[in-house]
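Inspection log for the structure reproduced underneath, given as structure tokens.
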Ligand code: 13P
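Residue numbers (the numbering used here): 1492 to 1747.
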């Protein structure tokens, strides 16, 4: 049985003071029973991670610390970059890799993304590999083809046992930050295709791998998305900045 993972991607929001307040308010809004049914992670800007690590560890908050991206090398002349080794040292356990904003705004290629996936795994952290089609690709009927290619390239040379413990986030580009979420049925269709692709290439990993949906997730649409057979969690942007709204998403069962 796959335990759902609900992750908040704060993107470039919340300085370290705001980050501390937000995680404390989120922890206050959740009770220990909420974590029995769902794993929770927050993916904060680099400058927040050290502060969040301290609060999480000192207060014993059962939320996993996440990063939004990293470089693939351990160290070197890469001005502005942060290595997986540095993240692991902060007890980061999950790293988003290949978010569409990284792909489209910063030009990350599938090859870069594959290097990052492997580097994150090598440091015993879990990559959340993001895949998703643009509006144009969807209108051309190429959604599955695009997503399958992103999976093939992103997971090149990754062992089956590592694929099994990873997370794939299906985030259609047209649904990110637009208020237009995919219908639960459309999201399910693509997530089912992702699982089929994993089964095809990595066999047994398909039963274990967790697949999230991301793109305009709110408290109001979380329950129907989470009811879908192949959706094992949510990657939440804007709505994760507000601890009350994010806690409603985490408690999606109560909203139903
Ligand atoms: P929104 O939830 O703001 O649409 O962002 C989704 C996302 O990009 C999460 O990684």
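Quick reminder that beta carbons are idealized off the backbone N, C-alpha and C, glycines included. The structure presented is a predicted model; accordingly, all values stated were derived computationally and were not measured.
Original post:
How long is the line joining the alpha carbons of residue 1535 and residue 1673, rounded to whole angstroms?
Top reply: By 1-based counting over the chain shown, the position of residue 1535 is 44. By 1-based counting over the chain shown, the position of residue 1673 is 182. So the alpha carbons of these two residues sit roughly 25 Å apart.
Subject >> Proximity below 7 Å, CB of residue 1507 to CB of residue 1542 >> reply: Counted from its first residue, the chain shown places residue 1507 at position 16. Counted from its first residue, the chain shown places residue 1542 at position 51. Yes, these two residues count as a Cβ contact at 7 Å.
Original post:
With distances taken between CB atoms, is the gap from residue 1533 to residue 1589 smaller than 7 Å?
Top reply: For the purposes of this step, residue 1533 is taken as the residue at position 42 of the chain shown. For the purposes of this step, residue 1589 is taken as the residue at position 98 of the chain shown. Result no, Cβ atoms of residue 1533 and residue 1589 do not sit closer than 7 Å.
**OP:** Quick one: which unbroken beta strand (DSSP E) runs of 3-plus residues sit fully inside the region 1618-1671? Chain order, please.
**Re:** Qualifying beta strand (DSSP E) stretches, in chain order: 1658-1661.
Original post:
Using 8 Å as the Cβ pair cut-off and three pairs as the minimum, do the region 1715-1732 and the region 1690-1699 touch?
Top reply: no
**OP:** Would you grab the beta carbon distance between residue 1620 and residue 1657 for me? Rounded to a whole angstrom, and I think it's under 8 Å.
**Re:** Numbered from its first residue, the chain shown carries residue 1620 at position 129. Numbered from its first residue, the chain shown carries residue 1657 at position 166. 7 Å between Cβ atoms; contact.
**OP:** Return the Cβ separation of residue 1696 and residue 1709 in integer angstroms, given the expectation that the two are a contact with Cβ distance under 8 Å.
**Re:** As a first step, residue 1696 is located in the chain shown; it is residue number 205 there, counting from the start. As a first step, residue 1709 is located in the chain shown; it is residue number 218 there, counting from the start. Going by Cβ atoms, the distance from residue 1696 to residue 1709 rounds to 31 Å, so no, they are not a contact pair.
Original post:
Between residue 1500 and ligand 1, is the CB less than 6 Å from at least one heavy atom?
Top reply: As a working mapping, residue 1500 is identified with position 9 in the chain shown. It does: the Cβ of residue 1500 is within 6 Å (strictly closer) of some heavy atom of ligand 1.
Original post:
Nearest-angstrom Cα distance between residue 1511 and residue 1632?
Top reply: Numbered from 1 along the chain shown, position 20 holds the residue referred to as residue 1511. Numbered from 1 along the chain shown, position 141 holds the residue referred to as residue 1632. Approximately 43 Å, taken between the alpha carbons.
**OP:** Return yes when the C-beta of residue 1635 is under 6 Å from any heavy atom of ligand 1, and no when it is not.
**Re:** Residue 1635 sits at position 144 when you count from the first residue of the chain shown. No.
Subject >> Inter-residue spacing [alpha-carbon to alpha-carbon] between residue 1602 and residue 1551 >> reply: Against the chain shown, residue 1602 aligns to sequence position 111. Against the chain shown, residue 1551 aligns to sequence position 60. Cα to Cα, residue 1602 sits roughly 38 Å from residue 1551.
**OP:** Using only the heavy atoms of ligand 1, determine whether one of them is closer than 6 Å to the beta carbon of residue 1706.
**Re:** By one-based count along the chain shown, residue 1706 stands at place 215. Because some heavy atom of ligand 1 lies under 6 Å away, the Cβ of residue 1706 counts as near it: yes.
Original post:
Would DSSP call residue 1684 helix, strand or coil?
Top reply: Within the chain shown, the letter at position 193 stands for residue 1684. Helix.
Original post:
Which one of 1747, 1741, 1746 has the shortest CA to CA distance from residue 1519?
Top reply: Position 28 of the chain shown holds residue 1519. Residue 1741 is the option with its Cα nearest to residue 1519.
Original post:
If you measure from the CB of residue 1531, is any heavy atom of ligand 1 nearer than 6 Å?
Top reply: Along the chain shown, read from residue 1 onward, the residue named residue 1531 stands at position 40. For residue 1531, the shortest separation between its Cβ and any heavy atom of ligand 1 does not lie below 6 Å.
Subject >> Residues near residue 1653 by beta carbon distance below 8 Å, same chain, minus five either side >> reply: The sequence position of residue 1653 within the chain shown is 162, counting from 1. Once the five neighbours on either side are set aside, the close Cβ partners of residue 1653 are 1612.
Original post:
Hey, residue 1562 and residue 1574: beta-carbon distance below 7 Å or not?
Top reply: Translated into the one-based positions of the chain shown, residue 1562 becomes position 71. Translated into the one-based positions of the chain shown, residue 1574 becomes position 83. Contact: yes.
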